[in-house]
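**Q** Per our numbering, the sequence shown starts with residue 17, numbered consecutively.
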Amino acid sequence: MSEYTEESRLEKELTFQFPHIAKEEPGQIKEAAEFCEGYKTFLNEGKTERECVAAAKKRLLAAGYTEFDATKTYAPGDKVYKINRGKAILMTTFGTLPVREGVRINGAHIDSPRLDLKPNPMYEKNDIAYFKTHYYGGIRKYQWGTVPLAMHGVAFKKDGSKAEICIGEAADDPVFCISDLLPHLAAKQNERRLPEGLKGEELNIIIGSIPYTDEKVKEPVKLLALKILNERYGITEKDFLRAEIEMVPTQKAVDVGLDRSLIGAYGQDDRVCAYTALIAEIEAQSPSHTTVTILTDKEEIGSEGNTGMNSRYLLHYIDTLARMEGADIKEVLSHSMCLSADVNAAYDPTFADVFEKNNASFINQGCVLTKYTGARGKSGANDASAETMAKVIALMEADGVYWQTGELGAVDAGGGGTIAKFIAQLDIDTVDLGVPILSMHAPFELASKLDVYHTYKAFAAFYKDGMAR
């Protein structure tokens, strides 16, 4: 007698469900955990885009990369990097095929939601000194109250020298904090709508409460705080006008859960894709197509500015690669392919109503291939073609990558965007691929180690693949 009925045979042949990696490949739990130790180190080193560029450069130099020089001739396997204004970086491994056959692009962003200091941030009120902030990117403001914060950034002095600032990360450093009301006095605040639980102008960071010992000083607490900063970094209040200073959570990357299956950390959107793309780039030895790995800035505010993907710095770089080989830039672009390496929202059973379960991504089911993002009828989306989806799925399955698909929430529940549409505007086939994240954009986000590992495997497969155009 047959083991299966005709109906069960058809069900097996015609239907499909994405598997749980740990159930299918329990041996990969250890592999993923080992890979993610390097990822946690990267997260702790790079809490700002400048720090991520520095962390990437350090790893590239150790791997034998050299700074890109357009006057040189490069051979297959040569590895180069190019930094854009200290806040974005491009990396290339030259392939065996000429660039007119197209390049393989992998682009992740290294900026994350945070609190930026205003240009004139310091003030004193009722014997407490504060920093005034302007939030960067899509945050839920109430989540940032009473969270220990660190001060990261750069300030240029009048003499042109640069102070690199970092307070709150060392074990003996002080930290900073935004205060919030106690429940006993919060009756009126409780009547606010959730987005206004803390308002933008209430995101004021406490930096001191001891006055400078001189009764003639108008703002003695502020002055003492300035004195401490001056002694440590040689900066004055005016130097804040020549500064970029970001306030970020002090929390280090840690394992989450009794089984240690998750990583909890600030800034995993999108540094999880940045790290996995970086390692895949470093490990690419003799790719068919020349690689272009991008760790870019400004995605969280629309990819604007000259370090964001809505600028021309990528186009200029590819144009230079084309001219070095006497190729037509238009031909190079039209034959290229890009993975827009960005995260998606993992299905959260606690808040199930904002997801459409059949088209959501789940933790521990692998990297998520996102055909489109956008909102309100795919507005602002790239919407990858069926041909692009087929090619990327084929290369992942050929390399044993666990993958899934997902939308960014239910229709009309919200939406969002990535760098994909800006790459596609260059006449490049593009699709989003990355890690599903729980609590995205919160000061403490969660990612599955298995999903991180398979995102790396997907990027590695993309680079070594010799897909015909």
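For glycine and all other residues, C-beta sits at the position ideal for the given N, C-alpha and C. As the structure is a computational prediction, the values presented were derived from the model and not from experiment.
Could you please give me the residues that DSSP links to GLY161 through a beta bridge?
**A** Within the DSSP bridge table, the entry for GLY161 names no partner.
**Q** I believe TYR479 touches ALA296 by the beta-carbon criterion, under 8 Å. Please report the beta-carbon distance rounded to the nearest angstrom.
**A** With 8 Å as the limit, TYR479 and ALA296 qualify as a contact, their Cβ atoms being about 6 Å apart.
**Q** Alpha carbon to alpha carbon, how far is ASN375 from GLY390? Give it in angstroms, no decimals.
**A** 15 Å
**Q** If we ignore side chains and look at the alpha-carbon of each, how far apart do ILE310 and GLY123 end up?
**A** Their backbone Cα atoms lie some 4 Å apart in a straight line.
**Q** Can you tell me the Cα-Cα spacing of ARG485 and VAL348, whole angstroms?
**A** Any reading at ARG485 must be qualified, since the residue scores a pLDDT of 38, below 50, and its modelled position is unreliable; no value is offered.
**Q** Nearest to LEU30 by alpha carbon, out of GLU22, LYS141, ILE37?
**A** In terms of Cα proximity to LEU30, the closest of GLU22, LYS141, ILE37 is GLU22.
**Q** Quick check on the burial criterion: 16 or more other C-beta atoms within 10 angstroms. Buried or exposed for GLN441?
**A** When all chains shown are included, GLN441 counts as exposed.
**Q** PHE147 lies in the alpha helix (DSSP H); which residues open and close that run?
**A** Note, PHE147: premise wrong, no alpha helix (DSSP H); beta strand (DSSP E) at 144-152.
**Q** Could you check how far apart the C-beta atoms of LEU449 and CYS383 are, in whole angstroms? I think they sit under 8 Å.
**A** Going by Cβ atoms, the distance from LEU449 to CYS383 rounds to 6 Å, so yes, they are a contact pair.
**Q** Alpha carbon to alpha carbon, what distance is there between ARG75 and PHE256?
**A** Distance between the alpha carbons of PHE256 and ARG75: 31 Å.
**Q** Cα separation between SER457 and ARG25?
**A** The sequence shown places His at residue 457, not Ser. Using only the alpha carbons, I get a separation of about 44 Å.
**Q** Under the three-state reduction of DSSP, which class applies to LEU106: helix, strand or coil?
**A** strand
**Q** For THR229 and ALA49, what's the separation of their Cα atoms in angstroms?
**A** Approximately 53 Å between the Cα atoms of the pair.
**Q** To the nearest angstrom, how far is the alpha carbon of VAL417 from that of GLU53?
**A** 20 Å
**Q** Can you tell me where the alpha helix (DSSP H) holding LEU55 begins and where it ends?
**A** Inspection of the sequence shows that residue 55 is occupied by Tyr rather than by Leu. Element bounds for TYR55: 44-61.
**Q** Under three-state DSSP, which class holds GLU180?
**A** In this structure, GLU180 counts as strand in the three-state DSSP scheme.
**Q** Provide the residue span of the alpha helix (DSSP H) that contains GLN284, from first to last.
**A** 284-299
**Q** Determine the contact status of VAL308 and THR112, defining contact as a CB-CB distance below 8 Å.
**A** no
**Q** Under the rule that 16 or more other beta-carbon atoms within 10 Å means buried, what is GLU83, buried or exposed?
**A** exposed
**Q** For ILE222, tell me which candidate among GLY62, VAL359, LEU239, SER195 has the shortest Cα-Cα distance.
**A** SER195
**Q** Which ranges does the beta strand (DSSP E) cover as unbroken runs of at least 3 residues, wholly within the stretch 337-398, from first to last along the chain?
**A** 353-356, 383-386
**Q** Apart from the five residues on each side of it in sequence, which residues of its chain come closer than 6 Å, Cβ to Cβ, to HIS125?
**A** ASP286, THR312, GLU315
**Q** Going by the CB atoms, is the gap between LYS103 and THR434 shorter than 8 Å?
**A** no
**Q** In or out: ASP445 buried (at least 16 other Cβ within 10 Å) or exposed?
**A** buried
**Q** If you follow the alpha helix (DSSP H) that LEU26 is part of, which residue opens it and which one closes it?
**A** 22-30
**Q** Should VAL468 go down as buried or exposed, given a rule of 16 or more other Cβ atoms within 10 Å for buried?
**A** buried
**Q** Tell me, please, which residues DSSP counts as bridged to THR2.
**A** Residue 2 is absent from the structure shown; the chain starts at 17 and stops at 485.
**Q** Going by alpha carbons, who is nearest to GLU217 out of SER225, LYS243, THR149?
**A** THR149
**Q** Take LEU219 and list the residues in its own chain whose beta-carbon comes closer than 7 Å to its own, dropping the five residues that flank it on each side.
**A** LEU131, THR149, TYR151, LYS157, TRP160, ILE194
**Q** Going by DSSP in three states, GLN33 sits in which element: helix, strand or coil?
**A** coil
**Q** Measure how close the beta-carbons of LEU462 and GLY280 come, nearest whole angstrom, since I'm counting them as under 8 Å.
**A** Sure, about 5 Å apart at Cβ, within 8 Å.
**Q** Is the Cβ-Cβ distance between THR404 and CYS289 less than 8 Å?
**A** no
**Q** Buried or exposed: where does VAL163 fall if 16 or more other Cβ atoms within 10 Å of its Cβ makes it buried?
**A** buried
**Q** Among the residues of its own chain, which have a CB less than 6 Å from the CB of ALA486, if the five just before and after it don't count?
**A** No answer is possible for residue 486: the residues shown for the chain start at 17 and end at 485.
**Q** Could I get the ranges of all uninterrupted beta strand (DSSP E) runs contained in the stretch 166-242, with 3 residues as the minimum, in chain order?
**A** 178-183, 221-224
**Q** Tell me which residues share the same chain as VAL170 and place their Cβ nearer than 8 Å to its Cβ, disregarding the 5 neighbours each side in the sequence.
**A** ARG66, LYS178, ALA179, GLU180, ILE181, ALA259, GLU260, ILE261
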